[in-house]
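Report on the structure given below.
Numbering (the working numbering), first residue to last: 1 to 225.
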């Protein structure tokens, strides 16, 4: 059979063209469907990430507001509370839970959060868990071992301060992430670095001067002390 004649046959040529066009349409349809599916999945993921960040921000904001009302900034007031505990006259009201219901509900999905949000969020909730466990130990030891309970309560007050600062930082980062994404968070970090550099530049001369004064005082001591 003459293959050239076969391909020149109008009916064969038409069938070949139809097959090629049909195959191209099917392939294009597959790629288009795949692209739409990936786009839909990406949108759903982004929506889920946003929902999780908003939920965590709401929970952290509520607890930070409560912490701000509970935190004692006056050192004398703190010492007075510690003294009452040491004397067995008063056991402070300490939380029984870690205020982490939303976090526990989505903990399996934390990995889908942006990398800049994972660290502050996880660190904040870890501090909450430690704080809750320490509060439980204080209550358990307050009656029979007041000295031990008092030392733990001092640690608890320090931990409370750290939890408050970490919660505020997590709120700032989550807010920036929701409003502007990576660019907003990077701008936030750059501003923080600039403030830290300015603080160091402002305080370093005074610290160096005090250090030199201390060295001069020691060198002028005839006993070398």
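Where is the CB? At the ideal position from N, CA and C, for every residue including glycine.
For residue 97, there is no enclosing alpha helix (DSSP H), since its DSSP letter is neither H nor E. Within its own chain, the residues whose Cβ lies closer than 8 Å to the Cβ of residue 161, once the five positions on either side in sequence are excluded, are 71, listed in chain order.
With a threshold of 16 other beta carbon atoms within 10 Å, residue 128 meets it and is buried. About 10 Å separates the beta carbons of residue 169 and residue 64, which is beyond the 8 Å limit, so they are not a contact pair. Here the alpha carbons of residue 142 and residue 110 stand approximately 37 Å from one another. Spanning the alpha carbons of residue 44 and residue 80 requires a straight line of approximately 53 Å. Its Cα nearest to that of residue 176, the residue 54 stands out among 27, 54, 29 and 40. Residue 142 sits in coil when the DSSP states are folded into three classes, being neither helix nor strand. Here residue 137 carries a helix assignment [DSSP, helix/strand/coil]. By the C-beta density criterion, residue 97 is exposed, having fewer than 16 other C-beta atoms within 10 angstroms.
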